[in-house]
Amino acid sequence: MTAAHTTGSCRRVELPGGRRAGPHLPVSPGLVKVAERAADVGASALQIFSDNPTAWRRRAEPPPEAAAFRQRLADLDIAPLAIHAAYLVNLAGPDETLFARSVEVLRHELFQAPAYGARFINVHAGSHRGAGAEAGVNRFVDGIALALAQAPDGPDAPLLVVENSSGGGDSIGATVDQLAAVLDAAARRRVDERLGFCLDTAHLWGAGYDIADPAEIDRVLTEFGRLIGFGRLVMVHFNDTHSALGSRQDRHAHLGDGRIGTAGMAHLLHHPALDHVAFYLETPEMEKGFDAVNMARLGDLVAGRPLAEGPNRSLADSA
Ligand SMILES: [Zn+2]
Ligand SMILES: [Zn+2]
């Protein structure tokens, strides 16, 4: 470990319980540099895209740097690593071609995960595209069953982590009920053992859960525990949002700069049911230094301090 990064890990953001946290970082600077940047901003976990998130084409093999990246993350004690599956993936819709391509991309993400040392492959529940929620849930589970059947098993195999949606564009998985329906369908197909869940705070808000209110957080989590079980909740996407409550929209904001605000976010961060959960920031402009700002704000939320100031913002950024 170099001196510079020993300093970095000294600034690690301390979290309650066994929680870990880190940003979603773009991998364009190079994988090893990204691992070191995560340590420098105080992260204990990390999320990335393995490839271009808006393209179908996947590189055939993991990049040569993956082994060094995996080792660097281990040296820096940054885990769990989550890989967010490409945005184009939609397993819930009726279109056969799109479905087949989505299964293939997801299979590929699962297949590559051990090379990166990824514990989680995070996927959106997707859109039923007019076929109805029930058909969408069944179709989605058909898709994950196909992808999992073709992906390697074993101790290095990642969990497939289903993310809640904000409910826009015929998406499924906007309610705890619907996430539970996904789990039930997966259990009927006996693929539930490799399934976890991710709650994205901005999506909860868009879907109409008023998580600015600590009592509503308690209610949602109690429902999650009852219908799904906290052991299944492995990731939280910890984002504030500019979108209106229940708008079914999803415009991620820096911690404390959006409509959810600090009281709800701090309550979630300290909730005793989430001691085992990894928190990932998907806040904007990570590549402009806001990775450090939002990690510092995470530490402020833990400590109950006023939030750290950000770098100067251009008019375009605050629009
Ligand atoms: Zn996502
Ligand atoms: Zn998310």
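Read in the working numbering, the sequence shown has 171 at position 170, and its numbers run on one by one without any break. Every residue gets a Cβ at the ideal spot worked out from N, C-alpha and C, and that includes glycine. Remember, predicted model here, so these are calculated numbers, not experimental data.
Which residue marks the beginning of the beta strand (DSSP E) containing residue i, and which one marks its end?
| i | result |
| --- | --- |
| Pro-27 | Here Pro-27 belongs to no beta strand (DSSP E), and DSSP marks it neither H nor E. |
| Glu-164 | 160 to 164 |
| Ala-279 | 279 to 282 |
For residue i, count neighbouring C-beta atoms within 10 Å of its own C-beta (all shown protein chains included) and say buried if the count is 16 or more, exposed if not.
| i | result |
| --- | --- |
| Pro-156 | exposed |
| His-109 | buried |
| Thr-202 | buried |
| Pro-153 | exposed |
| Leu-316 | With a pLDDT of 36 at Leu-316, under the threshold of 50, the modelled position of that residue is not reliable, and no figure is offered here. |
| Pro-30 | exposed |
| Gly-305 | exposed |
| Tyr-281 | buried |
| Asp-276 | exposed |
| Gly-94 | buried |
| Asp-178 | exposed |
| Gly-131 | exposed |
| Ala-245 | exposed |
| Leu-308 | buried |
| Gln-48 | buried |
| Tyr-117 | buried |
| Ala-39 | buried |
| Glu-97 | exposed |
| Ala-5 | The pLDDT assigned to Ala-5 is 43, lower than 50, so where the model puts this residue is not dependable, and the model offers no usable value. |
| Pro-329 | Nothing can be reported for residue 329: it is not among the residues displayed for the chain, which extend from 2 to 320. |
| Asp-258 | buried |
| Glu-194 | exposed |
| Gly-9 | Its pLDDT being 45, under 50, Gly-9 is placed unreliably in this model, and the value from its coordinates should be taken loosely. Buried, since its Cβ has 16 or more Cβ neighbours within 10 Å. |
| Pro-115 | buried |
Give a single yes or no on whether residue i has its beta carbon closer than 7 angstroms to a heavy atom of ligand 2.
| i | result |
| --- | --- |
| His-238 | yes |
| Glu-164 | yes |
| Asp-276 | no |
| Glu-110 | no |
| Glu-288 | no |
| Glu-194 | no |
| Val-105 | Correcting the residue type first, residue 105 is Glu in the shown sequence and not Val. No - ligand 2 has no heavy atom lying nearer than 7 angstroms to the Cβ of Glu-105. |
| Glu-283 | yes |
Check whether the Cβ of residue i sits closer than 7 angstroms to any heavy atom of ligand 1, and report yes or no.
| i | result |
| --- | --- |
| Asn-123 | yes |
| His-253 | no |
| Asp-201 | yes |
| His-85 | yes |
What is the residue span of the alpha helix (DSSP H) that residue i lies within?
| i | result |
| --- | --- |
| Met-236 | Unbroken run through Met-236 is the beta strand (DSSP E), 234 to 238; no alpha helix (DSSP H). |
| Asp-219 | 215 to 228 |
| Arg-184 | What sits at residue 184 in the sequence shown is Leu, not Arg. Leu-184 -> alpha helix (DSSP H) spans 177 to 189. |
| His-268 | 262 to 271 |
Could you please give me the residues that DSSP links to residue i through a beta bridge?
| i | result |
| --- | --- |
| Asp-171 | For Asp-171, which the question treats as bridged, DSSP gives no partner whatsoever. |
| Gly-300 | According to DSSP, Gly-300 bridges with nothing at all. |
| Tyr-88 | Answer by DSSP bridge pairing: none, since Tyr-88 is not bridged. |
| His-253 | Thr-242 |
| Leu-200 | Val-237 |
| Arg-21 | Ala-279 |
Suppose only complete runs of 3+ residues qualify. What are the beta strand (DSSP E) ranges in the segment 96 to 134, listed by chain order? When DSSP assignments are scanned along the segment 96 to 134, the uninterrupted stretches of beta strand (DSSP E) that are 3 or more residues long and fall wholly within it turn out to be 119 to 125.
Note down, one range per segment and in chain order, each beta strand (DSSP E) of at least 3 residues found wholly within the segment 38 to 84. List check, beta strand (DSSP E) in window: 47 to 49.
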